[in-house]
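Student: In this note's numbering, the protein residues as written are 1210 to 1478. Idealized CB from N, CA, C, for every residue including glycine.
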């Protein structure tokens, strides 16, 4: 891919999604765009760029963001976050709270929001409560996989067997095992496409907990700051923000207070 074409594509991707394709990502971008070129029978990158810019429907832009987005996730990833979630929800239960609103801001293929739902149910055993979880992602492709909620045996390995048997249904296809999330979990979740770089967000909130993990690493500080400001607006007072362990709010001039590494609380308001 010529540098001029790469620079133009990275500019378009940034303007549309906020994803910052830094220098040195040419090979990665080339490989992923090649998937779209093969699907469309487009012979070269120059022709693809022309097609992208001329597509008034915007559907190709969505497809481009789908292939550019990195979707690396797993059940109970960064497990300490779910230990903390259980602890904070238990403390709220002790204070009499019975309604909970949570948001998985970059849900990828669904492992995170389903883990949130499982953690909530395990915490709420024997308690009647109203729990709703919003799961959003910019990729329509991964959202479709979220809603289906079916995972390979390899994907559910991090899930303890007792939890897996309680919340997943076993299916077999061509001698392979697949596990589908049970309806009792699915009914807790709502899936929506959301571009985190475009503010203000349409949700009303307030949320008790927002998971925004391992997504800010793809944004520059301008997008990170507006993302954090929106999350702050949508959180209730004393609401919790959880980011990835590789991420930090240091230097971003936010009103969040650090509770633990990668866990923050909204103070006041």
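Buried or exposed for residue 1220, please, with buried defined as at least 16 other CB atoms from any protein chain shown within 10 angstroms of its CB.
Tutor: Flag for residue 1220 reads exposed.
Student: Thinking residue 1427 and residue 1228 are a contact (beta carbons under 8 Å), I'd like their distance in whole angstroms, please.
Tutor: Indeed they touch by this definition, with Cβ atoms about 5 Å apart.
Student: Please classify residue 1461: does DSSP put it in a helix, a strand, or coil?
Tutor: Here residue 1461 sits in coil by DSSP.
Student: If contacts are defined as beta-carbon pairs under 8 Å, then residue 1242 and residue 1257 qualify, I think. What distance do you get, rounded to the angstrom?
Tutor: Indeed, because the Cβ distance is near 6 Å, the residues count as touching under 8 Å.
Student: Could you give the DSSP three-state label for residue 1268: helix, strand or coil?
Tutor: Residue state, collapsed to three classes: helix.
Student: Just the Cα atoms here: how many angstroms apart are residue 1313 and residue 1356?
Tutor: Cα-Cα distance, rounded: 14 Å.
Student: Nearest-angstrom Cα distance between residue 1264 and residue 1400?
Tutor: Roughly 26 Å between the two C-alpha positions.
Student: Between the C-alpha atoms of residue 1362 and residue 1462, what's the straight-line distance to the nearest angstrom?
Tutor: Cα-Cα distance, rounded: 43 Å.
Student: What number of angstroms, rounded off, separates the C-alpha of residue 1253 from the C-alpha of residue 1366?
Tutor: Looking at the two C-alpha atoms, the distance is approximately 40 Å.
Student: Under 8 Å by Cβ, that's how I've got residue 1338 and residue 1293 pegged, so tell me the actual separation to the nearest angstrom.
Tutor: That belief does not hold up - the Cβ atoms of residue 1338 and residue 1293 are roughly 18 Å apart, past 8 Å.
Student: In whole angstroms, give me the CA-to-CA distance for residue 1226 and residue 1285.
Tutor: Answer to the nearest angstrom: the Cα atoms are 27 Å apart.
Student: Do residue 1273 and residue 1245 have their C-beta atoms closer together than 8 Å?
Tutor: Contact flag set, yes.
Student: If we count the other Cβ atoms within 10 Å of its Cβ and call it buried at 16 or more, is residue 1326 buried or exposed?
Tutor: Looking at its Cβ environment, which holds 16 or more other Cβ atoms inside 10 Å, residue 1326 is buried.
Student: Once you ignore the five residues that flank residue 1154 on each side, which residues in its own chain have a CB closer than 6 Å to its CB?
Tutor: Residue 1154 lies beyond the stretch modelled for the chain, which goes from 1210 to 1478, so this question has no answer here.
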